[in-house]
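Visitor: Here it is: the structure, laid out below.
In structure tokens form, the structure reads like this:
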């Protein structure tokens with residue numbers, strides 16, 4: 028059941044940058060949110076070319092980036108929070124968990140034109156401090172449709188905080204990242220453009236087959252820092268994990284697509300300074316990995332992800 032009577036079934040709301048917490052209108056992927064009896068349809072549009080998400084090597088260059096679609100879902104969820112759950116404009120959203128699975132890579136085949144997506148979204152859970160208290164978070168699930176084909180399944184668990192509570196919680200946090208490590212060579216992490224590399228050179232750890240790398244934080248990168256933040260955004264943590272996985276794949280990286288699936292749990296804030304590190308080890312399954320993002324001895328996030336080598340489209 029949807030919560031806010033002001034946004035009723037059958038209504039559609041156009042999306043402005045402020046509704047999805049963006050400053051740059053070109054970064055807004057969601058065009059509208061439609062509401063129904065049991066959920067929403069998030070209307071999204073991926074640009075024909077994106078300097079970050081379309082910067083890929085090997086087979087991945089011929090497909091849309093699943094993490095770009097996850098970003099569209101994230102934006103749509105923020106809009107749903109404001110429209111349906113009456114979250115105040117100044118409130119802050121916190122992501123707890125993401126899941127993603129590509130259902131059909133053929134539906135993600137890249138064409139040099141904008142890609143229209145319908146994200147059919149439903150609520151799985153609503154979180155309340157008390158049984159009859161106000162909703163302070165939700166778990167939403169969506170299927171991304173392109174040209175009638177189900178392309179990607181996603182889910183997110185997130186909550187929100189009033190600005191006053193956020194300011195008290197984050198008082199004393201740093202807004203500057205400080206000196207950064209040298210970035211890895213772009214082709215080793217599946218990139219062509221140096222400015223899109225978000226980890227340092229990977230180092231192999233002896234004995235357990237794992238690799239590790241520092242996270243490179245560029246607060247001038249508009250993909251991750253559309254506006255100032257006092258922490259590493261979830262998208263940067265996911266990208267650092269993916270790039271280290273690409274490096275671990277070595278020559279196989281050019282033949283696979285992905286992530287074809289991922290699960291991520293965010294356990295605490297990753298601060299801008301001191302530097303975070305990503306440690307990655309092979310997981311069960313082909314081309315699957317488990318990444319841990321840590322800082323000052325504390326786990327900030329755990330990311331499990333895998334890659335696929337589907338048959339090329341006919």
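Numbering (our numbering), first residue to last: 28 to 341.
Backbone N, C-alpha and C fix where the C-beta goes; we use that ideal spot for every residue, glycine too.
It should be emphasised that the depicted structure is a prediction, and the values quoted were computed from it without experimental measurement.
(1) Measure the C-alpha to C-alpha separation of residue 208 and residue 307 and round it to an integer number of angstroms.
(2) Looking at C-alpha atoms only, which residue of 47, 45, 60 is the closest neighbour of residue 34?
(3) What does DSSP give as the partner residues of residue 309 in its beta bridges?
(4) With a threshold of 8 Å, are at least 3 pairs of Cβ atoms found where one atom belongs to the region 85–98 and the other to the region 274–289?
(5) Does the distance from the C-beta atom of residue 130 to that of residue 180 stay below 8 Å?
(6) Identify, in the order they occur along the chain, each residue of the same chain with its Cβ nearer than 7 Å to the Cβ of residue 280, setting aside the five sequence neighbours on each side.
(7) Could you check where the beta strand (DSSP E) with residue 290 kicks off and where it finishes?
(8) Is the region 97–110 close to the region 37–47, with three or more CB pairs under 8 Å?
(9) If distances are taken between C-alpha atoms only, which option among 292, 194, 309, 156 comes closest to residue 235?
(10) I'd like the ranges of any alpha helix (DSSP H) spanning at least 4 consecutive residues and lying wholly in the region 197–285.
(11) Grab the span of the beta strand (DSSP E) containing residue 87 for me, first residue to last.
(12) The beta strand (DSSP E) with residue 117 in it runs from where to where?
(13) Put residue 34 into one of helix, strand or coil per three-state DSSP.
(14) Alpha carbon to alpha carbon, how far is residue 114 from residue 143?
(15) Is the region 249–268 in contact with the region 309–320, if contact means three or more CB pairs nearer than 8 Å?
(16) Suppose the cutoff is 6 Å on Cβ atoms and the five residues either side in sequence are ignored; what does the same chain contact list for residue 223 look like?
(17) Check whether the Cβ atoms of residue 127 and residue 151 lie closer than 8 Å to each other.
Guide: By the coordinates alone:
(1) Start at 1 with the first residue of the chain shown, and residue 208 comes out as number 181. Start at 1 with the first residue of the chain shown, and residue 307 comes out as number 280. Spanning the two alpha carbons is a distance of roughly 18 Å.
(2) To locate residue 34, count along the chain shown from 1; it is residue 7. The shortest Cα separation from residue 34 among 47, 45, 60 belongs to 60.
(3) Indexing the chain shown from 1 puts residue 309 at position 282. Its beta-bridge partners are 316.
(4) yes
(5) Numbered from its first residue, the chain shown carries residue 130 at position 103. Numbered from its first residue, the chain shown carries residue 180 at position 153. Taking 8 Å as the Cβ cut-off, residue 130 and residue 180 qualify as a contacting pair.
(6) Against the chain shown, residue 280 aligns to sequence position 253. Contacts found: 85, 217, 273.
(7) Position 263 of the chain shown holds residue 290. Element bounds for residue 290: 284–293.
(8) yes
(9) On the chain shown, residue 235 is found 208 positions in, with the first residue counted as 1. Nearest C-alpha to residue 235: 309.
(10) 261–276
(11) Here residue 87 refers to the residue found at position 60 when the chain shown is read from its first residue. Where residue 87 is concerned, there is no enclosing beta strand (DSSP E), given that its DSSP letter is neither H nor E.
(12) Within the chain shown, numbered from 1, the residue matching residue 117 stands at position 90. Run containing residue 117: none; DSSP gives neither H nor E here.
(13) As a first step, residue 34 must be located in the chain shown, where it is residue number 7. Looking at residue 34 - three-state DSSP - the assignment turns out to be coil, as it is neither helix nor strand.
(14) For this step, residue 114 is matched to residue 87 along the chain shown. For this step, residue 143 is matched to residue 116 along the chain shown. For residue 114 and residue 143, the distance between alpha carbons rounds to 27 Å.
(15) yes
(16) Within the chain shown, numbered from 1, the residue matching residue 223 stands at position 196. Excluding positions up to five away in sequence, the list reads 79, 82.
(17) As a first step, residue 127 is located in the chain shown; it is residue number 100 there, counting from the start. As a first step, residue 151 is located in the chain shown; it is residue number 124 there, counting from the start. For residue 127 and residue 151, no; Cβs fall outside 8 Å.
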